[in-house]
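In my numbering, the protein residues as written are 55 to 683.
For every residue, glycine included, the Cβ atom is placed at its ideal position computed from N, Cα and C.
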């Protein structure tokens with residue numbers, strides 16, 4: 055694949071969630087300048103403290119002078135620097151300070167769509183615009199770029215406060231969103247003399263707003279599907295549409311924005327955008343506080359070279375050339391391994407031990423584990439293969455990442471085996487030994503990451519990289535010390551849209567105590583997007599004699615259930631009969647058979663639930679009696 059050079063070729067640093075040293079930012083500018091980029095986007099939120107916003111800790115923020123130093127350095131490399139400062143959703147870095155909490159949409163208390171956290175400002179308060187207009191003026195004075203990015207993505211809490219609710223009842227949420235964009239646009243263009251860029255995902259929520267806003271607003275389209283032909287919506291039923299064709303018809307300019315984690319995402323985005331007339335591309339990166347960016351440099355380099363129209367036309371050859379440049383090495387094993395690493399998706403870690411999948415690792419997991427071991431061996435032997443400092447850092451970061459994934463694979467096999475052995479009363483020495491060894495490896499890896507933090511983020515406090523690994527080790531140490539679970543609920547589930555957000559609560563009826571016991575409440579999603587049918591295991595403590603099981607589903611989308619079984623020390627229990635179904639419940643009798651048919655609880659239209667709160671809060675429930683298998 056070959057593209058003509060795009061006007062904007064941008065790479066992003068997320069400095070809001072993780073402060074980086076000026077030395078690192080300058081070295082990143084060196085890297086992107088050498089790889090075909092002409093723009094650096096800095097995702098900042100409230101990371102720059104000014105006269106208007108003096109509240110951040112100096113140790114965790116930047117002064118205007120420091121950012122001016124970055125801008126000046128970038129200018130020498132012919133790199134434009136665009137600030138990204140959200141002024142609707144993702145404003146938590148402003149709202150967490152008591153001096154600004156009164157600007158929050160949820161300032162009056164109560165939940166928003168997904169939480170009660172102060173994550174979004176109120177678009178009905180003049181004080182909101184007084185603050186941001188003053189702060190934006192200070193930020194614009196630092197960055198001479200002709201562009202100013204105002205965010206506006208993932209703003210879920212529009213219309214919840216007492217000022218906004220009447221407006222929503224009268225004209226709809228989209229009217230509030232449109233009004234916010236128009237007011238922000240007037241200031242950015244008329245006062246700051248900048249062209250406004252926004253993330254465009256909220257137009258999926260409010261399509262009525264798109265034709266109502268000025269055409270000089272630049273749409274920034276973030277798409278993180280590894281492989282796609284047409285973009286899918288981020289949340290609403292994964293609707294597919296030719297988005298850029300629509301923008302062309304309306305007269306908008308647009309930027310494609312993949313992530314930095316995998317080459318396939320970059321190439322899919324590039325192929326799609328190249329069928330149209332994009333202003334350019336932006337490689338995004340997010341939330342790097344528990345890790346480092348070096349391991350993704352080959353993907354960054356590949357995208358910059360691709361968008362600058364640099365030969366060769368073959369993607370694999372271009373990737374290999376990029377890798378060779380990063381490592382300054384001709385070692386064929388290293389180049390092949392680094393190229394393969396850049397084409398692998400990020401492995402989905404289980405966030406808590408109780409969320410580990412059930413049963414033995416799948417074939418996908420076993421193949422990935424074997425591949426990871428092979429790569430770890432190649433990169434281990436190539437530890438000193440790179441003669442330059444950047445190459446050595448990239449190698450060290452990749453090696454640590456692979457080491458952590460290998461621990462995860464070992465835990466994935468051991469945790470379910472330990473639980474089942476504990477409940478069944480079998481000897482559990484082997485899985486316990488694997489978990490104990492994994493804890494030691496996590497502790498050792500934490501020491502490695504602490505050394506990286508000290509070297510790569512010199513002077514920046516709060517080492518979250520080693521802290522995350524130590525906290526993970528503590529969770530598994532606790533797992534080994536806790537009382538054995540009384541039982542496990544095994545669930546065979548079905549969810550074709552993992553971007554929906556159903557909430558599922560599962561409760562067991564204790565036949566002896568004649569009382570319901572809640573087992574779990576949460577969004578029980580699969581680990582992989584391709585895995586519509588999946589199995590999870592939920593351990594539970596305390597002596598329960600299972601007589602019934604109840605499922606309750608609400609929020610944004612529904613949950614499919616194929617089968618359920620409960621394992622306790624007294625034996626295995628399976629569904630005997632459907633006792634009761636309330637709300638939207640379909641094919642409940644399918645749960646009486648252990649096959650791939652599913653019962654469905656809840657709504658299928660996420661878009662409808664988003665716009666009608668009674669739909670989202672309605673609870674759909676199913677109660678089954680259980681029998682001993």
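Problem set entry | Burial state of residue 213, where buried means 16 or more other Cβ atoms lie within 10 Å | Of the other Cβ atoms in all chains shown, 16 or more fall within 10 Å of the Cβ of residue 213; this residue is therefore buried.
Exercise. Considering only residues of the same chain and omitting the five flanking positions on each side of residue 167, which have a CB-CB separation below 7 Å?
Worked result: Here residue 167 has 210, 211 as same chain residues with Cβ atoms under 7 Å from its own Cβ, once five neighbours each way along the sequence are excluded.
Exercise. How big is the Cα-Cα spacing for residue 402 and residue 89?
Worked result: Each residue's alpha carbon lies about 29 Å from the other.
Exercise. Considering only C-alpha positions, which residue in the set 669, 96, 592 is nearest to residue 205?
Worked result: Selected option, being the one with the closest Cα: 96.
Exercise. Beta-carbon separation of residue 361 and residue 393 under 7 Å?
Worked result: For residue 361 and residue 393, no; Cβs fall outside 7 Å.
Problem set entry | residue 419 versus residue 86: straight-line alpha-carbon distance, rounded | A straight-line Cα-Cα distance of about 34 Å links residue 419 and residue 86.
For this session: Tell me, please, which residues DSSP counts as bridged to residue 166.
Result: For residue 166, DSSP records no beta bridge to any residue.
Problem set entry | Pairwise C-alpha distance: residue 589 and residue 613 | Taken atom to atom, the span from the alpha-carbon of residue 613 to that of residue 589 is near 13 Å.
Exercise. Taking C-alpha atoms, which residue in 427, 474, 639, 476 lies nearest to residue 454?
Worked result: Selected option, being the one with the closest Cα: 427.
For this session: Can you check the stretch 60-118 for any alpha helix (DSSP H) of at least 4 residues that lies completely inside it and give the ranges in chain order?
Result: Counting only runs of 4 or more, we get 76-88.
Exercise. In its own chain, which residues sit with a C-beta less than 7 Å from the C-beta of residue 268, not counting the 5 before and 5 after it?
Worked result: Around residue 268, the same chain offers 239 as residues with beta carbons nearer than 7 Å, after the five sequence neighbours per side are excluded.
Exercise. What does a CB cutoff of less than 7 Å around residue 671 pick up in its chain, not counting 5 residues either side in sequence?
Worked result: Taken in chain order, the residues that qualify are 608.
For this session: Could you spell out where the beta strand (DSSP E) holding residue 401 opens and where it closes?
Result: Here residue 401 belongs to no beta strand (DSSP E), and DSSP marks it neither H nor E.
Exercise. Of the choices 113, 59, 102, 62, whose alpha-carbon is the least far from that of residue 512?
Worked result: For the residues 113, 59, 102, 62, the minimum Cα distance to residue 512 belongs to 113.
Problem set entry | Residues bridged to residue 606 (per DSSP) | In DSSP, residue 606 forms a bridge with 559, 675.
Problem set entry | Burial state of residue 370 (16 or more Cβ within 10 Å) | Exposed, since its Cβ has fewer than 16 Cβ neighbours within 10 Å.
For this session: Could you tell me which residues DSSP pairs with residue 224 in its beta bridges?
Result: Partner residues in a beta bridge of residue 224, as assigned by DSSP, do not exist.
Exercise. For the beta strand (DSSP E) that contains residue 587, what are its first and last residues?
Worked result: It spans 587-594 - the beta strand (DSSP E) in which residue 587 sits, taken as one unbroken run.
Problem set entry | Beta-ladder partner(s) of residue 273, from DSSP | Residue 273 is bridged to 252, 308.
For this session: Check the C-beta distance from residue 603 over to residue 560 and give it rounded, since I have them as a contact under 8 Å.
Result: So it is a contact: roughly 7 Å between Cβ atoms.
Exercise. Residue 667 to residue 660, Cα distance in whole Å?
Worked result: Spanning the two alpha carbons is a distance of roughly 11 Å.
Problem set entry | Inside the stretch 475-546 only - beta strand (DSSP E) runs reaching at least 3 residues | DSSP runs (the beta strand (DSSP E)) wholly in the stretch 475-546: none.
Exercise. Near residue 203, what residues of its chain come up, given a Cβ to Cβ distance below 6 Å and the 5 sequence neighbours on each side ignored?
Worked result: In its chain, beyond the 5 residues on either side, 136, 138, 251 have a beta carbon closer than 6 Å to the beta carbon of residue 203.
Problem set entry | Start and end residues, beta strand (DSSP E) containing residue 614 | Element bounds for residue 614: 613-622.
Exercise. Using the C-alpha atoms, what's the distance from residue 101 back to residue 123?
Worked result: Distance from the CA atom of residue 123 to the CA atom of residue 101, rounded to whole angstroms, is 15 Å.
For this session: Examine the Cβ distances between the stretch 323-330 and the stretch 287-294 and report whether three or more of them are shorter than 8 Å.
Result: Verdict: no, contact absent.
For this session: Would you decide whether residue 653 is buried or exposed? Buried here means 16 or more other CB atoms lie within 10 Å of its CB.
Result: In summary, residue 653 is buried, with 16 or more beta-carbon neighbours lying within 10 Å of its beta-carbon over all protein chains present.
Exercise. Does the stretch 594-601 come close enough to the stretch 539-550 to have 3 or more Cβ pairs within less than 8 Å?
Worked result: Verdict: yes, contact present.
Problem set entry | the stretch 457-472 touching the stretch 488-503, judged by at least three CB pairs closer than 8 Å | Cβ pair count under 8 Å is three or more, so yes.
Problem set entry | Collapsed DSSP secondary structure at residue 566 in the structure displayed | In the structure shown, residue 566 falls within a coil segment according to DSSP collapsed to helix, strand and coil.
Exercise. Among 378, 546, 259, 117, which residue has its Cα nearest to the Cα of residue 665?
Worked result: Closest by alpha carbon: 259.
Exercise. Can you check whether the CB of residue 396 is closer than 7 Å to the CB of residue 352?
Worked result: Taking C-beta atoms as the reference points, residue 352 and residue 396 count as a pair closer than 7 Å.
For this session: Please list, in chain order, all residues of the same chain as residue 125 whose beta carbon is under 8 Å from its beta carbon, the five residues on each side excluded.
Result: Closer than 8 Å at Cβ, skipping near neighbours: 135, 196, 197, 198.
For this session: Starting from residue 202, trace the beta strand (DSSP E) both ways and give me its first and last residue.
Result: That run of the beta strand (DSSP E) goes 201-203.
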